[in-house]
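Number 1319 in the numbering used here belongs to position 35 of the sequence shown; there are no gaps in the numbering.
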Amino acid sequence: MVSRDTKTTAAFVVLAVILWIAASTVTDNELVQWGVLIGVGLIVPIAVNGWRE
């Protein structure tokens, strides 16, 4: 079985990729694009999973 933490992380990774593509169409600033990708795909799921424990 897949744990709830893994499901949460996977959902945020998918959301991060979608938002990264959207950010790349809106701005050419790579710092913003990487910030969206790392922030939503890595930092937010760690915070959510840590908050739930």
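The C-beta atom is built at its ideal place from N, Cα and C for all residues, glycine as well.
Annotated as proximal: Val1301 and Leu1321, with beta-carbon spacing under 9 Å. In the three-state reduction of the DSSP assignment, Asp1312 falls in the coil class, being assigned neither a helical nor a strand state. Contact annotation: Val1332 and Thr1290 have beta-carbon atoms that are not nearer than 9 Å.
One Cα belongs to Ser1308, the other to Gly1319, and the distance between them is close to 12 Å. Around the CB of Val1286, fewer than 16 other CB atoms lie within 10 Å, so the residue is classed as exposed.
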